[in-house]
Every structure is written in structure tokens, then in C-alpha cells.
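Contents: one structure, followed by commentary.
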Amino acid sequence: MYMGLRVYVLITVAALGLAASLAYLTWPTTFVTPFFSASYQNNLVQRIVLKVANWSGYPTYFCASIYGWLPNESFMLLDVKCGLGSVELNKTALRRYAEYWRGAAGQIGVFVFLTYVNGTKGGSYTLGRAVKGFLIDPKRVLAGQSLTATIYVRGKPPNLPVDFHFGPTSTATALASTQFQSWPPPTIDTGYYVWYLNTVYAEAADVPVPVIVVRVADPFSASMICCVVMKFEVSTSQSTEIYFNGGAEVVYNGIIQGFESDIYSFSINQNGQTVWATATYYPSNQGPGVAAVGFYGDYAIANYTEYEVYPDGRISPTGYSAILYVIRPTGRGGIVDYSEVDAGTSFSNSWLNNLMSQVSAYWTPEYVYGTGSSLWADSWTLVQDRQGIPILSLAIPIVETRLLKQNLNLAAGLGADISGVYLGYTTAAFIYGVSSQYFLVGKYYIPATKYEYYDVYYPTPSMFIDIYVGEGTT
1 MYMGLRVYVL ITVAALGLAA SLAYLTWPTT FVTPFFSASY QNNLVQRIVL
51 KVANWSGYPT YFCASIYGWL PNESFMLLDV KCGLGSVELN KTALRRYAEY
101 WRGAAGQIGV FVFLTYVNGT KGGSYTLGRA VKGFLIDPKR VLAGQSLTAT
151 IYVRGKPPNL PVDFHFGPTS TATALASTQF QSWPPPTIDT GYYVWYLNTV
201 YAEAADVPVP VIVVRVADPF SASMICCVVM KFEVSTSQST EIYFNGGAEV
251 VYNGIIQGFE SDIYSFSINQ NGQTVWATAT YYPSNQGPGV AAVGFYGDYA
301 IANYTEYEVY PDGRISPTGY SAILYVIRPT GRGGIVDYSE VDAGTSFSNS
351 WLNNLMSQVS AYWTPEYVYG TGSSLWADSW TLVQDRQGIP ILSLAIPIVE
401 TRLLKQNLNL AAGLGADISG VYLGYTTAAF IYGVSSQYFL VGKYYIPATK
451 YEYYDVYYPT PSMFIDIYVG EGTT
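Numbering (the UniProt record's numbering), first residue to last: 1 to 474.
What follows is the structure, given as C-alpha cells:
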């Protein structure tokens, strides 16, 4: 009788343990964007997996160097891995990275530098290069949830066996042991192909990043416009997320190979958070001027040259180089708004006017026309009119004016994950009593770069706008 009772108790305890384990396991929660997906799930053992596939879902041979950007502007090497289709990343490093962002108001970016097999040519396989990224939710990672992140490349399946270099080089092993690096990283290892830092064009922390800039440059137009009102707004809910994107340009022997826009530095997804900045400028009273709204942020622009590393330690340039431009909100990601008006005597020498002069000189103009006595332009309408996509949304030029000319193709982005969300607007109005023969014109600018998504190239219009007065009929 005693033995029977003992067995019954043990079976009950085992059953309760199994029930508890099954209760812990959950169906995946998946976040999907056009450029990556992230799936979280409660498992008995936490795993962090990176998948790389082409647009049709075919698994790709790749080597990847994975970095995180810390709140203090330093960089952290998280892992270097090679594989076919997927690799398991160092969860200790990912958890350590997430710990630095505990309490952040959104998700944090992970940068992925890739070398991958992209089809075959002339009896051998060819390699592609890309800079990509995905986002992680610090709360979920620190809670022990497993993560599978999938990113996409152009990779074509090879039609012959692949003898690809698998495993990090000694350079990568040494870097991984130190973990922390300055930004930008001095070397980026992608498995026997190493990117060496060539030039740091600029790096800055906690500086104004204008998202909407309006200029009224000529005195005649200024005399007829009573006011210009701008608003930059970030409103998030359970169904809306705002993304901060970087940009990269890959060049082979001087020829541009492609542009990347899916480099995520941060996203705001805290339910109910609303951040906005406004500025009002009065041209008829203040004279010609320029005004801006945006946020305080960190940014960096750097150039890399790629080398092949041979087993005997020799290195040889491959002909590839890359320029990387990344931007994010300052600190832990809670947006700090920024606004500025430069008018009258300060206008011509202001940094905003210099920035607008560069943008207007090197980007392509498009037009929006006023109706009646006013003009309205909002970010969503401009993107929609130019056949853009929401997640790329607004282009942010390189804010170092001395660099914009050399790097005029590059732009960071600010976008949303659903259609119909606008991030800002500007409106202008005539002073009272202006003749109906005059109308308001807004000239906004688009960088030459078009970013790829599913083999289609999309523009990223900006809200850098010159406003002037036209005469006649529109």
C-alpha cells in the first residue's frame, strides 16, 4: 500500500512538471517587415538564430559579421559565423547587448555585414556583398525567449558545388575576444574577406538631425508669405512602428553595385508614445529664412575597403569598397525633439541654409502646388506620389554639409511599417489680400539613390522643401 502511494505521488509530480514545461512553450510571435522578420518563442533552451535567404526563400551560403551599436556610441562585435541558410549566434553576446538597452523605448538594431554566394559565372560561383540589419526586442531577449531573425539578399542559387570559406579568420577571433570597438569598427570580418576601415568621414553624438526643412529664399516670396508651420510627429501604437534606417553603397572598381536601405538602428514601438516637434516661421516679418524640425541623434559615415585573407596571412584587395551611413535617436532612443528658425541677417550663413543649398544642388526636384491661399505637404502624400514605400519613407541627407557633395547618393531613412502613416507636414499661407494671380509652390528633393526591394527600386523623397511664389495659373 505504501509503495503504491509512493509511485502515485512520483507520477503526479512528473505529470505536473511536464504540464509546467508545456505551459512555458508558446507559439511564435513574429514581427514582419519588408526587409526582415523576427520570430520570438518560449523554449526550454534559448536560441538566437540568423537566417539568410534570397527573396524567394532559397537558403543562401553566407558569412556574416554581426555588430551592435551601444548607447555610449561604441560598437560591440556580437559574432562572426558562416553557414548555409542559417547559423546559431552567440546568445551570451546578444543578451549582453540587450542588457545595455534595458528599458529602451523600442527595439534596437543589429548590423549584419555579409559576403554570400550569388549564382555562378564562368564555371565558378560568384560572391555578393551587402550590409543588412534586423531589430531585437531587449525585453524578450532578456526574458529568455528564443529568436529567429531572417534577412534577405539577392543571392541566386549556384548550379555547382560550393567550396565556400566557412569559419571566421584569426582576425575575427581576436576581435571577438575584445568585444568592444570604437565606432566605426576598424575591421569587419566576413570569413576570409575582411573590410578594413579606410576613412571616417564623420561621427557625431547628440546633434540636431533635421527631418523637415523649409526655406523661403527670395525676398519677393518672403514678403508675400505670412507664415510657415512645420510639425514632426512620431505616434506609435500596437499596430504602428517607426523605423530609423541607415544607408550603404557598395562599389566594385569604381562602379556602384547597389544601395542598401535595410540597415536598422532603432525603432519606436512603445504603445501610445507620441513625440512631436513644431516650428513656426514668419517670412513677411522675419525676411528670407530657413526653418527645421527633427530630433537629436547620433550618426556616423565611414568608408571601407575589402581584402581577401589567404591561409598564409597574405592579404589582397578585392576591388570592393563600401560607404556606410547610419543614424539613430540619441541615447536610449526616446526621441528628443529639435526645432530651429534662421531668418533675417543669420539666414545666409546658417548651417541649415548650407545644407539646403547642397540638397537642392545635387538632389532631383519635384513639385507640390498650393491651392487658394495656402500650400500643404505631408510625408505620406509625397512618398505615395513618388511610388515609394512606407518603410523607407523620408530621406535624411548626410547632415555634414562638407560631405554631402562626395556622398550625394547616400541617405538615411525614417519610415513606418504600415501605409497611411505620416511623420510630418508643412503648411504655408499668403498674407491677407494677395491677388489670386499668385500661387504657392513647394519644391522638394529626392536623392539619386533608389533602394531595392524584391527587384524593384524605390525612391525616398525628402521633406527638404523650398517654397516660393509663382504667378499665373497652376
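We put the beta carbon where it would ideally sit given N, CA and C, even for glycine.
Once you ignore the five residues that flank residue i on each side, which residues in its own chain have a CB closer than 7 Å to its CB?
i	result
leucine 410	Gly247, Glu249, Ile323, Tyr325, Ile398 and Thr449
serine 346	none
asparagine 118	Thr126, Leu127, Gly128, Arg154, Gly155 and Lys156
arginine 95	Val141 and Leu142
glutamate 99	Leu142
isoleucine 256	Glu249
serine 21	With a pLDDT of only 44 at serine 21, under 50, the local geometry of the prediction cannot be trusted, and the value read off the model is given with reservation. Closer than 7 Å at Cβ, skipping near neighbours: Leu44.
By the 10 Å Cβ neighbour count, where 16 or more other Cβ atoms means buried, how is residue i classified, buried or exposed?
i	result
methionine 3	Note that methionine 3 has pLDDT 42, beneath the 50 cutoff, so the model's placement of it is unreliable and no number is given.
methionine 463	buried
glutamate 260	buried
aspartate 455	exposed
glycine 472	exposed
asparagine 303	buried
tryptophan 55	exposed
alanine 23	With a pLDDT of only 47 at alanine 23, under the threshold of 50, the placement of this residue in the model should not be trusted; the figure read from the coordinates follows. Alanine 23 should be labelled exposed.
proline 186	exposed
tyrosine 97	buried
leucine 355	buried
aspartate 137	buried
serine 393	buried
valine 131	buried
Among the candidates the options, whose CA atom is the shortest distance from the CA of residue i?
i	options	result
tyrosine 58	Glu340, Pro138 and Pro157	Pro157
glycine 122	Trp101, Asn159, Ser316 and Tyr453	Asn159
alanine 205	Val32, Arg328 and Asn253	Arg328
alanine 104	Val200, Tyr451, Thr330 and Ala222	Thr330
aspartate 262	Ala291, Thr148, Gln387 and Ala416	Ala416
tyrosine 201	Thr426, Arg402 and Glu452	Arg402
tyrosine 432	Glu400, Cys226 and Arg314	Cys226
threonine 426	Val216, Gly258 and Pro71	Val216
alanine 277	Ile335, Val251 and Asn285	Ile335
asparagine 42	Ser124, Thr60, Lys139 and Pro71	Lys139
valine 211	Ala291, Gln387, Arg386 and Ser348	Ala291
glutamine 286	Ala222, Val213 and Asn253	Ala222
threonine 199	Thr305, Val207 and Gly442	Thr305
tyrosine 93	Arg102, Gly83 and Leu78	Sequence check: residue 93 is alanine here, not tyrosine. If we check each option's Cα against that of alanine 93, Leu78 comes out closest.
proline 283	Phe31, Asp466, Thr381 and Thr60	Asp466
For residue i, collect the residues of the same chain with a Cβ closer than 6 Å to its Cβ; drop the 5 residues on either side in sequence, then sort them by chain order.
i	result
threonine 364	Ile446
glycine 370	Phe439 and Leu440
isoleucine 188	Ser65, Phe113 and Trp195
isoleucine 389	Tyr458
isoleucine 315	Tyr307 and Val309
glutamate 400	Ala202
Can you give the beta carbon distance from residue i to residue j, rounded, assuming they're within the 8 Å contact cut?
i	j	result
glutamine 152	phenylalanine 244	Looking at the sequence provided, one finds tyrosine at residue 152 rather than glutamine. Going by Cβ atoms, the distance from tyrosine 152 to phenylalanine 244 rounds to 20 Å, so no, they are not a contact pair.
alanine 395	glycine 413	6 Å
alanine 377	serine 339	About 18 Å separates the two Cβ atoms, so there is no contact after all.
valine 209	tyrosine 320	That pair is no contact at about 29 Å.
serine 65	threonine 190	5 Å
leucine 50	leucine 89	6 Å
serine 350	glycine 424	Actually they do not touch by this definition, with Cβ atoms about 20 Å apart.
valine 341	tyrosine 444	The pair is not a contact, with the Cβ atoms about 19 Å apart (cut-off 8 Å).
residue 486	isoleucine 268	Residue 486 falls outside the range modelled here, since the chain spans only 1 to 474, and no answer is possible.
glutamate 73	aspartate 298	6 Å
valine 213	leucine 352	6 Å
Taking C-beta to C-beta, are residue i and residue j nearer than 8 Å?
i	j	result
tyrosine 458	aspartate 218	no
valine 293	lysine 231	yes
glutamate 366	alanine 300	no
tyrosine 67	phenylalanine 134	no
tyrosine 307	valine 228	no
glutamine 145	tyrosine 281	no
isoleucine 391	threonine 33	yes
glycine 289	alanine 343	yes
valine 434	serine 373	yes
glycine 106	phenylalanine 266	yes
proline 461	valine 383	yes
phenylalanine 62	tryptophan 69	no
alanine 38	alanine 149	yes
leucine 147	isoleucine 48	yes
glutamine 46	lysine 81	no
glycine 109	tyrosine 264	yes
To which residues of the same chain is residue i closer than 8 Å at the C-beta, ignoring the five residues directly before and after it?
i	result
tyrosine 438	Met224, Phe430, Val469, Gly470 and Glu471
arginine 386	Glu366, Ile446, Pro459 and Pro461
valine 207	Tyr296, Gly297, Asp298, Tyr299 and Val399
Got a sec: is the Cβ-Cβ distance from residue i to anything in chain D below 8 Å?
i	result
valine 141	No chain D appears in this structure, which consists of one protein chain only.
For the ligand NAD, any of its heavy atoms closer than 7 Å to the Cβ of residue i?
i	result
proline 459	Absence of the ligand NAD from the depicted structure is noted, as is the absence of any ligand whatsoever, leaving it without description.
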